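>
In my numbering, the protein residues as written are 1 to 287.
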């Protein structure tokens, strides 16, 4: 009988010890419950043991922390839009632009007169002509190009040279005293050795620009007397060119503009804009 009683008492003692051990583990686990941000890495949540509960003051902190974390994550997902900086214009430009009605198409004579009035540079600026072409003109080509002789020139002295042995020697030594170089086709192989010097400067003779000619003397004379080349921007039906100086009288400017429109063909033109250097654009009515 004594042995049986010892066995029963041992079982009860073992159960009591196990119950107390479980209670201690529960108490210890509840104390380890933490709020996010205190001893935790970013993004970790609060760990609460099964059956555990947080005190009211801890619950409030948890709600504030989690709501703050979610709003922070949302702000990171939605990037702020960058504001485009507004372009500031000079006082002189604003005054000049106020003389132009942007919605109006000016007759050519009136547009030329207005270009001269809106020029405010201290130097003798150029008169620029911007021509928009019908996109169908381009076709499958990357650009549209041609040449025209301005009856009154551009107002800029153009130095034209003809490629020969002396020119080659000067170029090789780094001396370039010309704006345009014209060459006979037979000279092209010899010019190849200075192509790295002429190419980056836009001075290498090229059949497309009309600077390679079987009669270089005649071609040089044409270029020195106001013949200019024009072409559209890459893949864009727009031509930009200078057609004279602000100091030109209105008849000279009109003669140059008329020559350009005649070389391009008015039917291909959709819009013409004139402007002086740094001046506002003036839309021209195309008759």
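Built from N, CA and C at the ideal position, the CB exists for glycine as well. What you are looking at is a predicted structure, and each value in this text was computed from that prediction instead of being measured.
#1: For residue 211, does the count of other Cβ atoms within 10 angstroms reach 16, so buried, or fall short, so exposed?
#2: Which word fits residue 134, buried or exposed, when buried means at least 16 other C-beta atoms lie within 10 angstroms of its C-beta?
#3: How should residue 248 be labelled, buried or exposed, when 16 other C-beta atoms within 10 angstroms of its C-beta is the threshold for buried?
#4: Could you tell me which uninterrupted beta strand (DSSP E) segments, each at least 3 residues in length, are contained entirely in the stretch 151-220, listed from first to last along the chain?
#5: Look at residue 100 and residue 114 and say whether their C-beta atoms are less than 8 Å apart.
#6: Distance, Cα to Cα, residue 144 vs residue 274?
#7: State yes or no: is the C-beta of residue 279 within less than 8 Å of the C-beta of residue 118?
#8: Kindly list the residues whose CB is nearer than 6 Å to the CB of residue 105, restricted to its own chain and excluding five residues on each side of it in sequence; keep chain order.
#9: Report the rounded CA-to-CA distance for residue 88 versus residue 204, giving the unit in angstroms.
#10: For residue 234, which three-state DSSP category applies?
#11: Can you tell me whether DSSP reads residue 258 as helix, strand or coil?
#12: Does the distance from the CB of residue 130 to the CB of residue 256 come in under 8 Å?
#13: Excluding the five sequence neighbours on either side, which residues of its own chain have a C-beta within less than 6 Å of the C-beta of residue 209, listed in chain order?
#14: Using alpha carbons as the reference points, say which of 179, 120, 263, 132 lies closest to residue 161.
#15: Quick check on the burial criterion: 16 or more other C-beta atoms within 10 angstroms. Buried or exposed for residue 23?
#16: Please report the Cβ distance between residue 241 and residue 112, rounded to the nearest whole angstrom; I am assuming they are in contact, meaning their Cβ atoms lie under 8 Å.
#17: CA-CA distance, residue 169 and residue 236?
#18: Compute the Euclidean distance between the alpha carbons of residue 110 and residue 96, then round it to the nearest angstrom.
#19: Can you round the beta-carbon distance between residue 252 and residue 244 to whole angstroms, since I take them to be within the 8 Å contact cut?
#20: Taking residue 147 as the reference, which of 266, 19, 259, 16 has the closest Cα?
#21: Grouping DSSP H, G and I as helix and E and B as strand, with all else coil, what is residue 142?
#22: In terms of residues, what are the limits of the beta strand (DSSP E) holding residue 276?
#23: Kindly list the residues whose CB is nearer than 7 Å to the CB of residue 164, restricted to its own chain and excluding five residues on each side of it in sequence; keep chain order.
#24: Are residue 277 and residue 222 closer than 8 Å when you measure CB to CB?
#25: Hey, how far is the Cα of residue 287 from the Cα of residue 123?
#26: According to DSSP, which residues form a beta bridge with residue 149?
#27: Could you tell me which residues DSSP puts in a beta bridge with residue 106?
#28: If we ignore side chains and look at the alpha-carbon of each, how far apart do residue 281 and residue 272 end up?
#29: Under a three-way DSSP split, which group does residue 133 fall into?
According to the structure shown:
#1: buried
#2: With a threshold of 16 other beta carbon atoms within 10 Å, residue 134 falls short and is exposed.
#3: buried
#4: Here the runs fully enclosed are 160-162, 180-182.
#5: yes
#6: Taking the CA atoms as reference points, residue 144 sits about 20 Å from residue 274.
#7: yes
#8: 283, 285
#9: 39 Å
#10: coil
#11: helix
#12: no
#13: 229
#14: With distances taken between Cα atoms, residue 161 lies closest to 179.
#15: exposed
#16: The Cβ separation is near 16 Å, so there is no contact.
#17: 39 Å
#18: 15 Å
#19: 6 Å
#20: 259
#21: coil
#22: 269-276
#23: none
#24: no
#25: 32 Å
#26: 227
#27: 284
#28: 10 Å
#29: strand
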